[in-house]
Structures are given as structure tokens and as C-alpha cells.
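Student:
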Amino acid sequence: MSETSFKPSEIGKKMLEFLSAGILLGLAAGFVPGPLLVLVISETLRHNIKAGIKVSIAPLITDIPIIAISLLALNRLANFKAILGCISIFGGLFILYLGYESLKTKGVELNLSSPSPNSFRKGVITNALNPHPYVFYMTVGAPIIYKGINQNILSALLFVGTFIFFLVGSKVLLAMVVEKSRSFLQGSVYIWVMRILGILLLFFSIVLFRDGLKLLG
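Its first residue numbered 8, the sequence shown is counted upward by one per residue in the numbering used here.
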């Protein structure tokens with residue numbers, strides 16, 4: 008074994024870190040109120056659970072190209088540690104913002120005045136035009152994936168897989184719950200889930216700030 012290779016225990020620990028990051032960020036992206044979440048809930052209430060699920064799976068179409076573009080851009084900056092450090096700090100600020108938004112969440116308000124069909128197409132367009140995925144992948148997602156590729160390709164795949172699974176899965180779950188109880192999004196359970204996610208995101212932002220400062224020396 009070479010000096011630069013990882014021991015099995017170290018590989019397992021690193022993969023667990025990427026798994027944890029994927030779960031936390033996926034849940035946060037799935038539950039935090041935003042254009043796609045509002046569309047998931049509104050389509051479920053206007054039509055049925057199938058319409059809500061069609062909107063929920065929109066990231067499967069929109070996010071892969073964004074990830075690819077973000078990784079290509081990041082690869083060109085790989086030798087500029089100062090720029091990567093700034094990107095990591097901006098990522099920390101973005102996660103800090105998401106944490107703050109989660110902590111102050113008081114529920115989700117909907118406007119159901121204009122029903123319309125084509126739920127899946129609406130979900131794809133909404134997510135493609137939403138700036139949050141672009142900011143997230145450029146400042147948070149792509150750096151984590153790039154780090155995983157350099158350490159262990161399985162770690163990168165594990166992060167992407169768990170992130171998208173929990174991103175889509177959380178929205179599907181919310182659609183199922185809302186179909187049964189329209190008051191859930193204004194209830195205490197949802198609010199407390201958001202507060203817990205908010206606290207975890209605040210801690211995760213500290214990790215990104217730390218990595219950014221290391222890159223900046």
C-alpha cells in the first residue's frame with residue numbers, strides 16, 4: 008500500500024461524511040420553502056398526488072446538467088486555491104442563509120387561484136429558472152463532489168445519490184402528507200423539523216467556512 012492511499016477505516020469514515028452531507032443537504036433542499044416546493048404542494052391540492060409527484064421528480068431532469076456545468080467550471084479553477092476558498096466561503100454563506108430561513112419558517116402559504124395541467128413540465132421549468140440550484144451546486148454541491156472525486160469516486164457518487172434521493176423523496180413525502188392533511192404545512196411538526204434542519208445547516212456552514220479559510224491559507 009502506498010503512503011498516499013487510505014486505510015479501509017479511513018475510507019469508511021470519509022464515505023460516511025459524504026453520506027451525512029448528502030442526507031442533510033438533500034432534506035434541507037427538499038423541505039425548505041421555495042418555488043418548487045410550493046408548486047409540489049399546490050399541484051397536489053389542485054389535482055392529486057400524482058401531479059405532486061411529477062413536480063417532485065423535476066430535479067432528476069434539471070440538476071444533472073447543472074452538476075456537470077458546475078464541475079467543469081470548478082475543474083478549470085482547481086489550481087487557484089484562493090478562488091476555491093472564496094467559493095467555499097460563499098457556499099458557507101448560502102448554507103447559513105438556508106439555515107436562517109429554516110429557523111424562521113412559520114409554515115407554507117399557497118395561492119390556489121389558477122389551476123393548470125402539465126405538472127411535470129411546470130416542475131422542470133420552475134426548477135430550471137430557480138437560481139437556488141445554480142448557487143447551491145456552484146458554491147456547495149460541486150466542491151463537495153470534486154473533493155469526493157479526488158479522494159474516492161464512490162464518495163462523490165454516494166453524495167450525489169443520497170442528495171438527489173432525499174431531495175426528491177422529501178418532496179414526494181410532503182405531497183403524500185399534504186394530500187391527507189392540508190393543515191400539515193402550518194402545523195408544529197413541520198415547523199420543528201425545519202428548525203432542527205436549520206440548526207444542522209448552521210453547523211454545516213461552519214465546516215464550509217473552515218474549508219474556505221484553509222484554502223485561503
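Just so you know, even glycine gets a beta-carbon here, dropped at the ideal spot from N, CA and C.
Could you give the DSSP three-state label for Thr11: helix, strand or coil?
Tutor: Translated into positions along the sequence shown, residue 11 becomes position 4. In this prediction, Thr11 scores a pLDDT of 45, lower than 50, which makes its location untrustworthy; the coordinate-derived value is nonetheless stated afterwards. DSSP places Thr11 in coil when its eight states are reduced to three.
Student: Can you check the region 144 to 177 for any alpha helix (DSSP H) of at least 4 residues that lies completely inside it and give the ranges in chain order?
Tutor: Runs found: 149 to 158.
Student: When the Cα of Glu224 is compared with those of Gly92, Ala149, Leu43, Ala65, which residue comes out closest?
Tutor: Locating residue 224 in the sequence shown gives position 217, where the first residue counts as 1. What sits at residue 224 in the sequence shown is Gly, not Glu. The residue with the shortest Cα to Cα distance from Gly224 is Gly92.
Student: Find out if the Cβ-Cβ distance for the pair Ser126, Val62 is shorter than 7 Å.
Tutor: Taking the sequence shown and counting its residues from 1, one reaches residue 126 at position 119. Taking the sequence shown and counting its residues from 1, one reaches residue 62 at position 55. For Ser126 and Val62, yes; Cβs fall inside 7 Å.
Student: What would DSSP say about Leu23, mapped onto helix, strand or coil?
Tutor: For this step, residue 23 is matched to residue 16 along the sequence shown. The answer is helix: DSSP assigns Leu23 an H, G or I state.
Student: Can you check whether the CB of Leu84 is closer than 7 Å to the CB of Ile90?
Tutor: For the purposes of this step, residue 90 is taken as the residue at position 83 of the sequence shown. For the purposes of this step, residue 84 is taken as the residue at position 77 of the sequence shown. Contact flag set, yes.
Student: Contact defined as beta carbons within less than 8 Å: I believe Ile171 pairs with Ala163. What is the distance between those atoms, to the nearest angstrom?
Tutor: As a working note, residue 171 is residue 164 in the sequence shown. As a working note, residue 163 is residue 156 in the sequence shown. In fact, because the Cβ distance is near 13 Å, the residues do not count as touching under 8 Å.
Student: Since Asn82 is in the alpha helix (DSSP H), which residue starts that stretch and which ends it?
Tutor: Your numbering for residue 82 matches position 75 in the sequence shown. 66 to 83 is the extent of the alpha helix (DSSP H) around Asn82.
Student: On the three-state DSSP scale, how would you describe Phe226?
Tutor: No information on residue 226 is available, as it lies outside the stretch 8 to 224 that the chain covers here.
Student: Just how far apart, CA to CA, sit Gly99 and Gly41?
Tutor: Here the question's residue 99 lines up with position 92 in the sequence shown. Here the question's residue 41 lines up with position 34 in the sequence shown. Cα-Cα distance, rounded: 19 Å.
Student: Which residues bound the alpha helix (DSSP H) around Asn55?
Tutor: Your numbering for residue 55 matches position 48 in the sequence shown. That residue, Asn55, is in no alpha helix (DSSP H); it is neither H nor E in DSSP.
Student: If we call anything under 7 Å between Cβ atoms a contact, is Phe38 one with Ser212?
Tutor: Within the sequence shown, the letter at position 31 stands for residue 38. Within the sequence shown, the letter at position 205 stands for residue 212. For Phe38 and Ser212, no; Cβs fall outside 7 Å.
Student: Give me the residue from Leu23, Ile132, Leu34, Glu24 with the minimum Cα distance to Thr69.
Tutor: Looking up residue 69 in the sequence shown gives position 62. Nearest of Leu23, Ile132, Leu34, Glu24 to Thr69, Cα basis: Ile132.
Student: Under 7 Å Cβ to Cβ from Ile64, same chain only, skipping five residues before and after it: list those, please.
Tutor: Along the sequence shown, one-based indexing puts residue 64 at 57. Same-chain partners within the cutoff: Val175.
Student: With Gly59 and Phe173 assumed to form a contact (beta carbons below 8 Å), what rounded beta-carbon distance in angstroms separates them?
Tutor: Taking the first residue of the sequence shown as position 1, residue 59 is located at position 52. Taking the first residue of the sequence shown as position 1, residue 173 is located at position 166. Incorrect: roughly 17 Å between the Cβ atoms, too far for contact.
Student: Rounded to whole angstroms, what's the CA-CA distance from Glu10 to Leu34? Just pull it up for me.
Tutor: Counting from 1 along the sequence shown, the entry for residue 10 is found at position 3. Counting from 1 along the sequence shown, the entry for residue 34 is found at position 27. Here the model assigns Glu10 a pLDDT of 41, short of 50, so the residue's position is not dependable, and the following value carries that caveat. Distance between the alpha carbons of Glu10 and Leu34 is about 37 Å.
Student: Alpha carbon to alpha carbon, what distance is there between Glu17 and Lys129?
Tutor: For the purposes of this step, residue 129 is taken as residue 122 along the sequence shown, with counting starting at 1. For the purposes of this step, residue 17 is taken as residue 10 along the sequence shown, with counting starting at 1. Rounded to the nearest angstrom, the two C-alpha atoms are 44 Å apart.
Student: Going by Cα to Cα distance, which pick from Pro140, Ser195, Phe191, Leu207 is closest to Ile74?
Tutor: By 1-based counting over the sequence shown, the position of residue 74 is 67. Ranking Pro140, Ser195, Phe191, Leu207 by Cα distance to Ile74 puts Pro140 first.
Student: Among residues of its own chain, excluding the 5 on either side of Ile103, which ones have a beta-carbon nearer than 7 Å to its beta-carbon?
Tutor: If you number the sequence shown from 1, residue 103 lands on position 96. First, the residue type needs correcting, since residue 103 is Leu and not Ile in the sequence shown. The residues are Leu209, Ser212.
Student: Excluding sequence positions up to five away, which residues of its chain have a Cβ less than 6 Å from the Cβ of Ala149?
Tutor: The residue labelled residue 149 in the question sits at position 142 within the sequence shown. Only Ser77, Leu78, Leu81 meet the Cβ criterion.
Student: Let me make sure I understand the geometry here. Which of Tyr107, Lys221, Gln158, Val142 has the alpha-carbon closest to that of Gly205?
Tutor: If you number the sequence shown from 1, residue 205 lands on position 198. Checked all of Tyr107, Lys221, Gln158, Val142; the closest Cα to Gly205 is Tyr107.
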